[in-house]
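2 protein chains.
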Amino acid sequence: MPPEPTEAIEQTDPTPRPREPLTRERIIETALHIVDSQGLSRLTMRRLGDALEVEAMAIYHHLPRGKEELLDGLVAHVGIRPARPAGPDGWRPALADWAALYRARLTEHAGVLPLLVTRRNPAALSGTAASVQEVLRAAGFAEEAAGTGAHALLGYVLGHAALEARGGARAADPEGAVDWDARFTAGLGIVLAGIAGL
Amino acid sequence: MPPEPTEAIEQTDPTPRPREPLTRERIIETALHIVDSQGLSRLTMRRLGDALEVEAMAIYHHLPRGKEELLDGLVAHVGIRPARPAGPDGWRPALADWAALYRARLTEHAGVLPLLVTRRNPAALSGTAASVQEVLRAAGFAEEAAGTGAHALLGYVLGHAALEARGGARAADPEGAVDWDARFTAGLGIVLAGIAGL
DNA sequence: ACCTGAACACCGTTCAAGT
DNA sequence: ACCTGAACACCGTTCAAGT
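Order-wise, the sequence lines are chains A and B. Following UniProt numbering, the numbering of the first sequence begins with 1 at its first residue and continues without gaps. Following UniProt numbering, the numbering of the second sequence begins with 1 at its first residue and continues without gaps.
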C-alpha cells in the first residue's frame with residue numbers, strides 16, 4: 001500500500017509545522033540563552049536568527065534599533081529591583097535579600113555583566129539605584145545618606161559579581177578554592193552595617 | 001635661484017622622515033588614546049594601524065595574539081596595586097589612597113571598564129585582589145578576614161567606578177547633579193570602617 | 001626582523017522584494 | 001504585517017611576499 005501523499009510530504013519536508021511567531025520577548029530570551037551557553041562574543045544577529053529559525057533580518061522588524069536594542073533588552077531582562085519593605089525597620093533584610101538575589105542573577109548570566117558597564121541604558125542601572133535609595137529614604141535616612149548608601153551597596157554587588165564571574169581574583173590563594181557565597185555574604189554585612197551607621 | 005633638490009622632495013613627499021619604530025608600549029598607548037577619545041567600539045586593528053601610520057597587519061608582529069593581547073594589555077596598563085605601608089597601622093590610609101587613585105584611573109579610562117569584567121586575564125584583577133589582601137594580612141588580619149576585606153574593597157571600587165562611568169545611576173535625583181567625589185569617599189569610609197571591624 | 005597586499009570568512013545593517 | 005535575498009561597508013586574521 002502506497003503512503004498517504006500529505007504524510008509523505010510532511011516526512012520529507014524539513015519544516016512542516018508552522019513556526020511560533022517571532023516576538024520581542026522570545027528574541028531576547030533566545031539571545032540570553034546564546035550568551036549563557038556560548039558567551040557574549042558569539043551572540044550575532046545571524047546566529048540569533050538561526051536559533052530562532054528565521055533570517056537575521058527578520059529580527060529588525062521587532063527590534064528596530066537592531067543589536068543596540070537587543071543588548072539593552074538583555075540588560076533590562078536580568079536586572080531586578082528591591083521591594084519596598086512592610087515595617088520601618090525592614091530595610092536591612094529587604095536589601096539583604098535583594099542583594100543576594102541580584103548577585104545570583106548576575107553570576108548566573110555573567111555574560112551580560114560587561115553590558116551593564118557599557119550600555120548607556122539610563123533606565124537600567126540608575127533605576128535600580130533609585131529603588132535602593134527609595135527604600136533607605138522611606139526607612140528614615142536623609143536624602144544624601146540614602147544616596148550614598150544606595151551607591152555603596154549597588155556598587156559592591158556589581159563589583160563583587162564581576163570579581164566572581166571572572167573566576168579570577170583568587171587573591172593569593174593558589175591552592176584553595178574561595179567560598180564565594182560566604183565571601184559575598186560577609187562583604188554584604190560590612191556594607192549594610194556601614195549604611196546602618198550613617 | 002631654483003630650490004635645493006632634496007628640500008623640494010621633502011616638501012612634496014608626504015612621508016619624508018623615518019617613522020618611530022613600532023613597539024608594544026607605543027601600540028597599547030595609542031590604543032588607549034583611541035578608546036579614551038572615540039570609545040571602545042571604535043578601537044579596530046585597522047584604525048589602530050592608521051593611528052600608528054602602519055598597516056594593521058604590522059601590529060601582529062608585536063602582539064602575536066592579536067586583538068586579544070591588545071585588550072589584555074589595556075587592562076594591565078590602567079591597573080594599579082596598593083603599596084605596602086610602612087607602619088603596622090598604616091593599612092587604612094594606604095588602602096584609602098590606593099582606592100582613590102584606582103578609581104581615578106578607572107573613571108579617566110572608562111572605556112576599558114567593560115574589559116576588566118570581560119577579560120579572563122587572570123593576572124589583572126586577581127593580582128590586584130592579592131595585593132590588597134596582602135596589605136591586610138601584613139597588618140595582622142587573619143587569612144579569611146583579609147580575603148573578605150580585599151574582595152569587599154576591590155568590589156566596591158570597581159562597582160562604584162562603573163556606576164560613575166555610565167553617568168547614569170542618578171538615583172531618583174532628576175534635577176541635581178551627584179557629587180561623585182564626595183559619594184565615593186563616603187562609601188569608601190563605610191567599607192574601610194567595616195574592614196577595621198573584622 | 002619588520003612590514004605590506006591580497007585574500008578569507010565573517011560582521012551589522014539597508015533596502016527592495018516577496019507573501 | 002511580517003519575513004526574505006542580495007548587497008554594502010566594514011571586521012579580525014592568515015599567509016605569502018617584499019625589504
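Cβ coordinates follow ideal geometry from the N, Cα and C atoms, glycine included.
Query raised in the report: Given that a residue counts as buried once 16 or more other Cβ atoms are within 10 Å of its Cβ, and exposed if not, what is threonine 23/B?
Result: With fewer than 16 other Cβ atoms within 10 Å, it is exposed.
**Report entry** Buried versus exposed, by CB contacts within 10 Å (16 or more), residue 229/A
**Finding:** Outside the shown range of chain A, which is 1 to 198, sits residue 229/A, and nothing can be said about it.
Query - Straight-line gap, leucine 48/B to alanine 83/B (C-alpha atoms, nearest Å) - result: A straight-line Cα-Cα distance of about 34 Å links leucine 48/B and alanine 83/B.
Requested in this report: Decide if serine 131/A is buried, meaning its Cβ has at least 16 other Cβ atoms within 10 Å, or exposed.
Outcome: Residue environment for serine 131/A: buried (at least 16 other C-beta atoms within 10 angstroms of its C-beta).
Report task. Quick one: grab the DSSP three-state call for aspartate 36/A. Result -> Here DSSP, grouped into helix, strand and coil, assigns aspartate 36/A to helix.
Query raised in the report: For the alpha helix (DSSP H) that leucine 163/A lies in, which residues bound it at each end?
Result: Note, leucine 163/A: alpha helix (DSSP H), 143 to 165.
**Report entry** Between the CA atoms of alanine 104/A and residue 221/B - distance to the nearest angstrom
**Finding:** Because chain B spans 1 through 198 in this model, residue 221/B falls outside it and cannot be assessed.
Report task. Could you tell me the distance, in whole angstroms, from the CA atom of leucine 63/A to the CA atom of glutamate 69/A? Result -> If you take the alpha carbons of leucine 63/A and glutamate 69/A, they lie about 6 Å apart.
Report task. Answer with yes or no whether the minimum CB distance from leucine 125/A to chain B is below 8 Å. Result -> With 8 Å as the cut-off, leucine 125/A counts as an interface residue toward chain B.
Query raised in the report: If you run the structure through DSSP and keep just helix, strand and coil, what is glutamate 25/B?
Result: Residue state, collapsed to three classes: helix.
Query raised in the report: Does any CB atom of chain B fall closer than 8 Å to the CB of arginine 166/A?
Result: Contact with chain B is found for arginine 166/A, since one of that chain's Cβ atoms lies less than 8 Å from the residue's Cβ.
Query raised in the report: Touch check for the segment 26 to 40 of chain B and the segment 178 to 194 of chain A: three-plus C-beta pairs under 8 Å?
Result: Using a C-beta cut-off of 8 Å, the segment 26 to 40 of chain B makes no contact with the segment 178 to 194 of chain A, since fewer than three inter-stretch Cβ pairs fall below that distance.
Report task. Please compile the residues from chain B whose C-beta is within a distance smaller than 7 Å of the C-beta of glycine 187/A. Result -> Within chain B, the residues near glycine 187/A are Thr148, His151, Ala152, Gly155.
Query raised in the report: CB proline 93/B to CB valine 117/A, shorter than 8 Å?
Result: No, the pair does not count as a contact, with Cβ atoms beyond the cut-off.
Query raised in the report: At a cut-off of 7 Å, is leucine 113/A close to the ligand ATP when judged by its beta-carbon and the heavy atoms of the ligand?
Result: The ligand content of the structure shown is nil, which means the ligand ATP is not present either.
Query raised in the report: Is the distance from the Cβ of glycine 155/B to the Cβ of tyrosine 156/A below 8 Å?
Result: Their beta carbons are under 8 Å apart, which means glycine 155/B touches tyrosine 156/A by this criterion.
Query raised in the report: Is it right to say arginine 65/A is buried, meaning 16 or more other beta carbons lie within 10 angstroms of its own, or is it exposed?
Result: Burial check for arginine 65/A: the Cβ neighbour count within 10 Å stays below 16, so the residue is exposed.
Requested in this report: Would you kindly check if the distance between the Cβ of alanine 161/A and the Cβ of leucine 125/A is under 8 Å?
Outcome: Going by C-beta atoms, leucine 125/A is not nearer than 8 Å to alanine 161/A.
Requested in this report: Note down the Cα distance separating glycine 90/B from aspartate 179/A, rounded to an integer number of angstroms.
Outcome: Approximately 28 Å, taken between the alpha carbons.
Query raised in the report: So, is the C-beta of alanine 129/A closer than 8 Å to a C-beta in chain B?
Result: Nearest CB-CB separation between alanine 129/A and chain B: below the 8 Å threshold.
Query raised in the report: How many Å lie between alanine 182/B and glycine 159/B at the Cα?
Result: So the alpha carbons of these two residues sit roughly 16 Å apart.
Report task. Measure from the alpha carbon of threonine 128/A to the alpha carbon of each residue in Glu144/A, Phe141/A, Glu53/A, Ala76/A, then state which is nearest. Result -> Restricting attention to Glu144/A, Phe141/A, Glu53/A, Ala76/A, the CA atom closest to the CA of threonine 128/A is found in Ala76/A.
**Report entry** Neighbouring residues, chain A, relative to alanine 135/B (Cβ below 9 Å)
**Finding:** Sequence inspection shows valine at residue 135/B; the alanine mentioned does not correspond to that position. For valine 135/B, there are no C-beta contacts with chain A under 9 Å, since the nearest C-beta of that chain is about 11 Å from it.
Requested in this report: For alanine 138/B, collect the residues of the same chain with a Cβ closer than 7 Å to its Cβ; drop the 5 residues on either side in sequence, then sort them by chain order.
Outcome: Contacts found: Arg84.
Query raised in the report: Considering only residues of the same chain and omitting the five flanking positions on each side of leucine 188/A, which have a CB-CB separation below 6 Å?
Result: Around leucine 188/A: Ala99.
Query raised in the report: Closest by CA to valine 78/B, which one among Val112/B, Phe184/B, Asp50/B, Glu134/B?
Result: Selection Val112/B, Phe184/B, Asp50/B, Glu134/B evaluated against valine 78/B yields Val112/B as nearest (Cα-Cα).
**Report entry** Inter-residue spacing [alpha-carbon to alpha-carbon] between glutamate 108/A and glycine 197/A
**Finding:** The alpha-carbon separation between glutamate 108/A and glycine 197/A amounts to approximately 32 Å.
Requested in this report: Check each candidate in Asp97/B, Glu143/B, Lys67/B, Gly87/B and name the one with the smallest Cα separation from isoleucine 80/B.
Outcome: The candidate whose alpha carbon is nearest that of isoleucine 80/B is Asp97/B.
Query - Per-residue burial, alanine 146/B [other beta carbons within 10 Å of its own, 16 or more giving buried] - result: Result: buried.
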